[in-house]
Amino acid sequence: MWKKRAYNTAVCAILLAALTMSGCQGTTPATSASSSAAEGTTAAEGGASGDYKDGTYTASEQGFAGEVSATVVIEGGKIADVKIEGANETPEKGGAAIEELQPKILEAQSAEVDAVAGATITSDAVKKAVTAALEQAKSGEAKEASASSGPSTVTYKAGTYTGSGDGYNGPVEVSVTFAEDKIENIEVTSSKETENVGTPVFDIMIPQMIEANGSGVDAISGATFSSRALKTAVDAAASEAEVSDLSAFQKGNIEKTVQDNVEDTWDVVVVGGGGAGISAAAQAAIDGNSVLVIEKNAEIGGNTLVSGGQYQSVMKYLVWDKDDPDATTGKGFDGKTYDKVKSVQGCIDELKTIYNWSEDEFDDSYYKDHEYVAGDIVELSKHGVHKDYLPILKDLKKEIKEYLDWAEPQLEAGVPESKLTLFSTVNLHIFQTYYGGLRQSADKSEWIYGNVDLVKQFIEDGQDIKPWLEELGATFVEDTQPTLIGALWYRENQFIGANVDADGDGKTEEYEGRWGTYFMAPKTAMLQANDKNEIMTRTTAKELIVEDGKVTGVKAERYDGSEVVAHASKGVVLATGGYAANIDMVLDTNKYWSDEYLSSKTTTTNRSSLQGDGIKMAEAAGADVTGTGWTQLMPISWVDNGNLAFGGGDYAIYLNPETGKRFVDETSERDVLSLSEFKNGIEHNGVKGVFVEIANAEVPIPGPYPYKDEDVEWRQYVRTVDQLGDLFKELGLPTDADTVKATIENYDEAIMNGKQPEGVDKKQFSALIGTAEKKDDGSYDASTYKLDGVKLRVRLLAPSTHHTMGGLVVDTERHVLDKDGKAISGLYAAGEVTGGIHGGNRLGGNAITEIIVSGRTAAKAITADNK
26 MWKKRAYNTA VCAILLAALT MSGCQGTTPA TSASSSAAEG TTAAEGGASG DYKDGTYTAS
86 EQGFAGEVSA TVVIEGGKIA DVKIEGANET PEKGGAAIEE LQPKILEAQS AEVDAVAGAT
146 ITSDAVKKAV TAALEQAKSG EAKEASASSG PSTVTYKAGT YTGSGDGYNG PVEVSVTFAE
206 DKIENIEVTS SKETENVGTP VFDIMIPQMI EANGSGVDAI SGATFSSRAL KTAVDAAASE
266 AEVSDLSAFQ KGNIEKTVQD NVEDTWDVVV VGGGGAGISA AAQAAIDGNS VLVIEKNAEI
326 GGNTLVSGGQ YQSVMKYLVW DKDDPDATTG KGFDGKTYDK VKSVQGCIDE LKTIYNWSED
386 EFDDSYYKDH EYVAGDIVEL SKHGVHKDYL PILKDLKKEI KEYLDWAEPQ LEAGVPESKL
446 TLFSTVNLHI FQTYYGGLRQ SADKSEWIYG NVDLVKQFIE DGQDIKPWLE ELGATFVEDT
506 QPTLIGALWY RENQFIGANV DADGDGKTEE YEGRWGTYFM APKTAMLQAN DKNEIMTRTT
566 AKELIVEDGK VTGVKAERYD GSEVVAHASK GVVLATGGYA ANIDMVLDTN KYWSDEYLSS
626 KTTTTNRSSL QGDGIKMAEA AGADVTGTGW TQLMPISWVD NGNLAFGGGD YAIYLNPETG
686 KRFVDETSER DVLSLSEFKN GIEHNGVKGV FVEIANAEVP IPGPYPYKDE DVEWRQYVRT
746 VDQLGDLFKE LGLPTDADTV KATIENYDEA IMNGKQPEGV DKKQFSALIG TAEKKDDGSY
806 DASTYKLDGV KLRVRLLAPS THHTMGGLVV DTERHVLDKD GKAISGLYAA GEVTGGIHGG
866 NRLGGNAITE IIVSGRTAAK AITADNK
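Residue numbering for the sequence shown follows my numbering, starting at 26 and increasing by one per position.
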């Protein structure tokens with residue numbers, strides 16, 4: 026439930042004092058078209074492009090997430106060079122815009138160039154900064170750069186005004202009260218921003234805006250969309266209040282306060298407070314160690330808080346049991362009895378394919394002359410298995426045979442597959458992770474798949490995740506095993522939240538969602554285990570401290586420039602995540618995706634802080650890397666910003682926007698889906714692979730989906746089939762509504778009759794697009810089928826970068842290894858910063874399982890290594 030946040034002048038000073046003490050005050054302030062001293066201000070004889078005088082001139086402007094500076098070199102009266110810097114701009118948008126604008130400005134000999142689509146705020150800042158630098162060049166007089174613009178001195182028409190800005194999940198709406206010469210109050214009245222990701226923006230930036238009497242305060246790392254939305258909304262309110270100088274208002278900032286430097290020692294230092302980091306910290310603390318967590322964002326949570334949040338692990342009490350094959354219930358970890366989950370149409374066919382998998386050693390000779398089609402396991406199964414996975418396959422075949430011996434007589438007797446208990450085992454999870462990650466490089470020179478020991482470890486130890494977290498106070502849905510996009514099976518576990526006594530008053534508080542389950546539960550355990558334990562947010566690790574070949578600590582920098590030297594007497598855990606938000610790094614390492622599909626304009630589901638910092642720090646200390654050529658794309662991302670849209674393919678159909686027909690098995694792996702989308706989708710505003718998803722609007726979307734039945738421009742629309750034609754015209758889509766209707770009817774007919782739909786087969790499907798009643802035996806009554814008048818959810822989606830499979834080389838204890846395969850003393854790693862686990866493609870839900878397991882494993886290894 027959204028809670029209003031209001032701030033007023035009376036409490037502002039108290040809030041800011043508290044923020045300063047807790048490390049949550051503003052970052053380095055932005056400057057206003059400020060300038061630095063020029064080098065060599067020799068006058069030239071009348072510049073051809075505007076009487077510019079030779080020299081180097083620098084100016085800066087407030088950009089999307091922070092300061093954007095322009096350094097212009099004038100030689101012979103012309104622009105000889107332009108250098109634009111914007112360290113805080115989002116790499117995939119603002120950073121790409123800066124890269125694109127520099128040569129254009131140089132060629133045009135002017136700042137009057139077109140803005141880059143999708144990055145207008147950064148573009149405008151670049152143009153203004155270059156213009157300011159060129160103004161200096163006209164006189165040859167450079168201006169001193171001011172350290173801060175300070176609070177603005179603008180005036181307003183007193184009153185309360187509203188404004189709105191587009192955030193991460195939708196509009197952020199504010200109500201702002203102005204006196205004649207200051208902001209008195211800012212209240213966020215409506216927001217869909219992710220709790221503990223976007224919402225810290227309001228807690229930090231609003232008090233700063235009130236003090237600054239303007240919106241020029243710095244954006245918050247890892248929450249740039251929310252930061253921009255708040256600034257835009259407050260700017261809009263100021264405009265309504267007839268602000269005397271909007272430009273000055275947008276530059277209003279707070280005076281910079283620098284905290285004291287810190288140097289201290291803990292047993293364990295964890296870099297990164299996402300799912301892997303907080304799991305490592307909690308386990309280390311439980312084991313009796315003092316722990317420091319260093320987190321660059323304003324709050325812990327990392328990418329885990331913007332993920333779907335489900336983790337993959339079979340709950341044995343919910344699935345078929347060979348020792349009690351006819352059982353319909355099972356006893357959970359909590360001692361309660363739950364109904365076992367049912368199979369889904371198509372699962373048994375997939376089990377039969379695996380049962381008939383060749384046990385010969387994998388031979389890729391067929392694929393030297395034929396295209397390797399990822400996800401085509403019917404073909405892949407003919408070509409053998411890598412020998413390290415053969416024992417898993419043999420054991421799995423025994424399990425499948427026992428199940429088929431029980432299931433097939435019932436199928437022959439007419440029992441629908443959907444009435445049978447689901448088959449699911451640890452070995453099935455391991456083997457699907459193997460073939461789901463087995464991939465060939467684009468040039469056919471290299472194959473990749475997950476290290477069997479690391480895969481077995483995270484899946485087998487994943488069985489302990491729910492009991493461990495529940496012991497700490499986390500809560501889960503106990504009676505389901507759903508699926509999600511690219512998971513390949515039904516074994517997801519859905520979070521609820523946590524009930525913990527975080528404030529130590531003897532009473533438990535309830536914390537909802539991913540924040541509760543994966544963070545408040547372990548965080549509370551960590552902080553309450555030892556008074557020394559600490560979490561430093563808005564603090565960026567810069568380098569590892571290495572002494573005599575051993576990693577002994579971390580050097581970091583807080584948002585205000587103050588330094589932190591954290592010594593670790595037992596070990597350092599790197600849990601900094603991957604680099605999917607660093608598109609340059611993705612492109613530089615890419616071995617899998619065609620250049621036709623990936624570019625500097627490719628968007629990401631990741632938070633902007635996911636830049637590969639930990640990998641770079643570890644490499645500087647001698648660490649080896651593996652698998653960095655494979656980046657996973659999320660096939661169901663929003664077209665406008667690349668953020669994760671959530672969902673699954675078992676209940677929906679994906680349509681080519683031009684033909685109106687299905688083009689892929691929607692339950693395939695994520696890379697299979699993304700590639701098919703690129704080949705069958707359209708381009709919209711520079712985004713490639715845009716396609717149409719249609720599902721019954723009554724089917725819930727898995728994950729923390731933010732919308733109901735409302736229209737969200739170029740994201741979601743709820744319509745009946747007879748309204749699709751008008752919608753397609755409104756969106757400018759060339760597809761024909763009659764063709765789409767026929768596609769839906771054919772698909773639904775196939776599901777009701779237990780057959781494959783026309784055109785593209787589908788391994789598993791769980792719901793109709795239309796509606797039909799079910800008979801007593803669980804099969805559909807086709808005579809009751811209805812499509813006309815049924816509400817359909819129509820979404821526009823496209824691929825964006827999501828997960829980087831490559832990373833640091835680790836062993837099963839999560840020691841980081843050097844290029845000789847030896848452990849680097851004192852250095853451990855967990856989560857997406859590591860490589861060698863998921864192969865070339867990660868299954869949906871495997872990330873949460875792996876990060877929690879690897880975090881705990883690293884912590885346990887540190888304790889064991891220091892006995």
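Backbone N, C-alpha and C define an ideal beta-carbon position, used for all residues, glycine too.
Comparing C-alpha distances from D289 to each of I319, S272 and A266 shows the shortest one belongs to I319.
Around the beta carbon of V597, a 10 Å sphere encloses 16 or more other beta carbons of the protein chains shown; the residue is thus reported as buried. Here A142 is exposed, its C-beta having fewer than 16 other C-beta atoms within 10 Å. Residue D836 holds the alpha-carbon nearest to the alpha-carbon of G856 among D843, G846 and D836. Under the three-state reduction of DSSP, F483 is assigned to helix. With a cutoff of 9 Å on beta-carbon distance, T627 and T829 are scored as not near each other. R464 is a Cβ neighbour of Y397, given a cutoff of 9 Å. One thing to note: V222 has its Cβ no nearer than 9 Å to the Cβ of G639.
Taking each of D573, G602 and Y336 in turn and checking the Cα distance to E503, the smallest one comes out for Y336.
The DSSP assignment places complete alpha helix (DSSP H) segments of no fewer than 4 residues inside the segment 178 to 244 at 224 to 237, in order along the chain. The beta carbons of D773 and L749 sit no closer together than 9 Å. Looking at the DSSP output, S85 sits in a beta bridge with S94. In chain order, I245, A248, S251, S252 and L255 place their CB closer than 7 Å to the CB of V226, counting only its own chain and leaving out the 5 sequence neighbours on each side. Taking one beta carbon from each stretch, the segment 204 to 216 and the segment 296 to 311 have fewer than 3 pairs nearer than 8 Å; the two do not touch. Secondary structure at A854: strand, using DSSP grouped into helix, strand and coil. Counted as a single uninterrupted DSSP element, the beta strand (DSSP E) harbouring E534 occupies residues E534 to E537. DSSP places G80 in the strand class (E or B) of the three-state scheme. Within the segment 720 to 767, the complete beta strand (DSSP E) segments of 3 residues or longer fall at 741 to 744, listed in chain order.
Counting C-beta atoms within 10 angstroms of its own C-beta, F203 has 16 or more neighbours from the protein chains shown and is therefore classed as buried. Sixteen is the threshold: when 16 or more other Cβ atoms of the shown chains lie within 10 Å of the Cβ of Q233, as they do, the residue is buried.
When the five nearest sequence neighbours on each side are left out, the beta carbons in the same chain lying within less than 7 Å of the beta carbon of F790 are those of Q370, G371, D675 and I776, in order along the chain.
From the listed residues R695, Q308 and E424, the smallest Cα separation to T826 is found for R695. According to the DSSP assignment, W431 belongs to no beta strand (DSSP E) but to the alpha helix (DSSP H) extending over L415 to E437. Membership of S825 in the beta strand (DSSP E) is indicated by the continuous run L817 to T829. Between V878 and F520, the gap from beta carbon to beta carbon reaches 9 Å or more.
CA-to-CA, the gap between R820 and K595 works out to about 50 Å.
Closest option to E110, judged by alpha-carbon separation, among G101, E86, E100 and L131: E86.
Assigned with DSSP and collapsed to three states, R516 falls in coil, not helix or strand.
DSSP, read as helix, strand or coil, puts D346 in coil.
Taken through DSSP and simplified to helix, strand or coil, V141 comes out as coil. For N866 against G462, the beta-carbon gap comes to about 5 Å, under 8 Å, which counts as contact. Of the residues assessed, A105 falls on the exposed side of the cut-off, its CB having fewer than 16 other CB atoms within 10 angstroms.
Distance from the CA atom of E236 to the CA atom of P176, rounded to whole angstroms, is 7 Å. When secondary structure is reduced to three states using DSSP, H592 falls in the strand class. Three or more Cβ pairs closer than 8 Å define a contact, and the segment 602 to 622 meets that threshold against the segment 651 to 671. D76 is the residue among D76, E495, G120 and E220 whose C-alpha sits nearest the C-alpha of G102.
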